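Inspection log for the structure reproduced underneath, given as structure tokens.
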Amino acid sequence: MLDNATVADLIARYNSPVPRYTSYPTALEFGPLADTALEDSYRRIEPASSVSVYVHLPFCANLCLYCGCNVLLSRKKEVLDEYIPLLLKEIDRKTALLDYRPRVSQLHFGGGTPNFLRLTDWDKIFAHLRRRFDFVADAEISAEFDPMVVEDGYLEHVRGLGMNRMSYGVQDVTPKVLEAVNRPQDVARIRDVVVESRRLGFSSVNIDLIYGLPHQTEASYQANLEFIGDIKPERIALFSFAHVPWLKHHQRRLDVQALARAEEKLRIYLGARKHFAGLGYEQIGMDHFGLKHDTLTRAFHDKTLHRNFMGYTTQKTLDMLAFGTSAIGFVSGVYMQNHVKLSGWRSAINDGRHWFEKGYIMSDEDRVRSEIITALMANFYVNFTQIENDYGVDFHEHFAPELAKLQQFADEGHGELTAEHFTVNETGGFIIRHIASVFDAYRKESEQKAFSKAI
Ligand code: SF4
Numbered sequence: 030m031l032d033n034a035t036v037a038d039l040i041a042r043y044n045s046p047v048p049r050y051t052s053y054p055t056a057l058e059f060g061p062l063a064d065t066a067l068e069d070s071y072r073r074i075e076p077a078s079s080v081s082v083y084v085h086l087p088f089c090a091n092l093c094l095y096c097g098c099n100v101l102l103s104r105k106k107e108v109l110d111e112y113i114p115l116l117l118k119e120i121d122r123k124t125a126l127l128d129y130r131p132r133v134s135q136l137h138f139g140g141g142t143p144n145f146l147r148l149t150d151w152d153k154i155f156a157h158l159r160r161r162f163d164f165v166a167d168a169e170i171s172a173e174f175d176p177m178v179v180e181d182g183y184l185e186h187v188r189g190l191g192m193n194r195m196s197y198g199v200q201d202v203t204p205k206v207l208e209a210v211n212r213p214q215d216v217a218r219i220r221d222v223v224v225e226s227r228r229l230g231f232s233s234v235n236i237d238l239i240y241g242l243p244h245q246t247e248a249s250y251q252a253n254l255e256f257i258g259d260i261k262p263e264r265i266a267l268f269s270f271a272h273v274p275w276l277k278h279h280q281r282r283l284d285v286q287a288l289a290r291a292e293e294k295l296r297i298y299l300g301a302r303k304h305f306a307g308l309g310y311e312q313i314g315m316d317h318f319g320l321k322h323d324t325l326t327r328a329f330h331d332k333t334l335h336r337n338f339m340g341y342t343t344q345k346t347l348d349m350l351a352f353g354t355s356a357i358g359f360v361s362g363v364y365m366q367n368h369v370k371l372s373g374w375r376s377a378i379n380d381g382r383h384w385f386e387k388g389y390i391m392s393d394e395d396r397v398r399s400e401i402i403t404a405l406m407a408n409f410y411v412n413f414t415q416i417e418n419d420y421g422v423d424f425h426e427h428f429a430p431e432l433a434k435l436q437q438f439a440d441e442g443h444g445e446l447t448a449e450h451f452t453v454n455e456t457g458g459f460i461i462r463h464i465a466s467v468f469d470a471y472r473k474e475s476e477q478k479a480f481s482k483a484i
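Here you go:
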């Protein structure tokens, strides 16, 4: 276990902004993308392979002040009368580029608050997706729901449509913290929703928590830890609060003086990690925890875990077809982000052109660096021979400057470097974003403000 001196040293040296690498290159490198990229990339999908589908449902009735998502605020359900038909039309137009029904092994609904939708909206979306795609028998179908707005009968309905995994955003259960971030919640209600999810046979329940919010302390966080012990979700995501008020202006309404400082954040994180271990959870990558039998936990141990915009996954670099405002797809090595504003997205679908807000076509060099960064971020491990075999590079020659930097991390006690591999250890896990950034060819100190701090 880390001692206080080590923790203080890590904070002093590494608490600087660095990307989270949900993509490589990061979205900062995205730029204008020609419409032809859509057709070109879709046509290169291997028909026999499975794809992943992401659907963005941006509506929320209430704005949480820590929110970092692309959200459209509305209390009126009528907004869905326009959004859902547009979404179905987008799915039609894009899948019409293919002369077969793509096989889907993963479908995820993110937001926003996907359960802002009416049940009839889900009926339409699922019917449409099943017409346009061929779902494999054990497809993972998941959604991020706000547990406070799950109405009676809602879970049963979406379970009946085929959803089999659920992720609930809880973040914190302490009234003072919740009030400061404008997110009213009732713990008993959340517990009921989780119990109901289990009864209905959802195979996995994930709970999101955040540390670093206003008024959170090591002591206050005990309530969250007890709550986890009480409901025992299959997975826990413990996210460090990304305080980026220059990007998300509503975060300016947070009381900066009340925000947990770096030292307190690390104490909260360490306490949570210890508590979760005591409950039988194992750490997965940077910020997730899973029970021993969980597929992600097993993949982390086997060093076969992967990562994409939706988070950790056991399925390697599937093409991801994305629909909805701001959704980012990744198809045949091309990142494509839909328009963030409803007006731009609407025009793109209706006109069948100017599809993207921005995007990026990966080079061969980007692909190999992306593979290494993903391996480090997901498995805390990179095998040089495997990279050489997969990408035809001489690792030691091609990445000589990067290996010198890895040697520095090893010398500082953050991992083990051999001729064959680099393995990140416990302290290295805290600064994994810094270690992965060694392979980021685009990283410039001047762009640091675009990212949240590492700790
Ligand atoms: S519910 Fe989620 S997406 Fe909506 S405002 Fe709150 S944090 Fe953002």
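Here the sequence shown is numbered in the working numbering, starting from 30 and rising by one per residue.
Glycine included, C-beta positions come from ideal geometry on N, C-alpha and C.
Predicted, not measured: the structure shown is a model, and the values here were computed from it.
What whole-angstrom Cβ distance do residue i and residue j have, given they're in contact under 8 Å?
i	j	result
His443	Tyr410	At roughly 13 Å, the Cβ-Cβ gap does not stay under 8 Å, so His443 and Tyr410 are not in contact.
Ser196	Ser171	6 Å
Met349	Val360	7 Å
Glu247	Glu293	7 Å
Asp148	Arg188	Here the sequence assigns Leu to residue 148, which means Asp is not the residue at that position. The Cβ separation is near 12 Å, so there is no contact.
Gln245	Tyr95	So it is not a contact: roughly 11 Å between Cβ atoms.
Report the rounded CA-to-CA distance for residue i versus residue j, giving the unit in angstroms.
i	j	result
Ile464	Phe155	41 Å
Trp151	Glu441	52 Å
Gly300	Ser78	42 Å
Asp215	Ile40	34 Å
Tyr250	Lys261	16 Å
Phe231	Gly182	14 Å
Gly198	Glu173	7 Å
Tyr420	Glu225	47 Å
Val397	Ile416	7 Å
Ile460	Arg302	16 Å
Ala291	Val47	15 Å
Glu263	Leu325	10 Å
Arg72	Tyr310	42 Å
Arg472	Lys434	14 Å
Ser475	Ser466	Low local confidence applies: a pLDDT of 46 at Ser475 is under 50, so the model's placement there is unreliable, and no value is given.
Arg159	His368	25 Å
Phe424	Asp323	33 Å
Leu207	Gly373	34 Å
Return helix, strand or coil for residue i, following the three-state DSSP convention.
i	result
His335	strand
Tyr183	helix
Lys153	helix
Asp221	helix
His278	helix
Gln214	coil
Lys473	coil
Pro87	coil
Leu254	helix
Phe459	helix
Asp536	Within the shown structure, residues of the chain are numbered from 30 to 484, placing residue 536 beyond reach of any answer.
Ala351	strand
Val206	helix
Leu405	helix
Leu158	helix
Pro46	strand
Gly495	Residue coverage of the chain in this structure runs from 30 to 484, which leaves residue 495 outside it and unanswerable.
Leu111	For clarity, residue 111 is Glu in the given sequence; the question names Leu instead. Reduced to three states, the DSSP call for Glu111 is helix.
Gly97	coil
Tyr420	helix
Leu229	coil
Thr35	helix
Thr342	strand
What does DSSP give as the partner residue(s) for residue i in the beta ladder?
i	result
Ala172	Phe138, Met195
Glu311	Gly319
Gln437	Bridge partners of Gln437: none, in fact.
Ala266	Asp237, His317
Arg132	Ser79, Asp163
Leu146	Note: Leu146 sits in no beta bridge, so no partner.
Lys387	Gln366
Leu117	The partner list for Leu117 (beta bridge, DSSP) is empty, contrary to what the question assumes.
Tyr410	Thr452
Pro243	Leu288
Glu68	Bridge partners of Glu68: none, in fact.
Phe359	Met349, Tyr364
Leu446	Phe451
Leu102	Cys89
The segment 51-58 touching the segment 98-114, judged by at least three CB pairs closer than 8 Å: Because the criterion of three Cβ pairs below 8 Å is not met, the segment 51-58 and the segment 98-114 do not touch.
Across the segment 69-87 and the segment 336-353, are there enough close Cβ pairs to call them in contact, namely three or more that are closer than 8 Å? Cβ pair count under 8 Å is three or more, so yes.
For the segment 237-247 against the segment 265-276, do three or more pairs of beta-carbon atoms, one drawn from each stretch, fall closer than 8 Å, so that the two count as touching? The segment 237-247 makes contact with the segment 265-276; the number of CB pairs closer than 8 Å reaches 3 or more.
Examine the Cβ distances between the segment 59-68 and the segment 371-390 and report whether three or more of them are shorter than 8 Å. Contact between the segment 59-68 and the segment 371-390 is present: three or more C-beta pairs spanning the two stretches fall below 8 Å.
Does the segment 230-239 come close enough to the segment 274-288 that 3 or more CB-CB pairs lie under 8 Å? Fewer than three beta-carbon pairs drawn from the segment 274-288 and the segment 230-239 are found closer than 8 Å, and the two stretches are therefore not classed as touching.
Pairs of beta-carbons, one from the segment 85-104 and one from the segment 377-386, closer than 8 Å: are there three or more? The answer is no - the segment 377-386 does not touch the segment 85-104, with fewer than three Cβ pairs under 8 Å.
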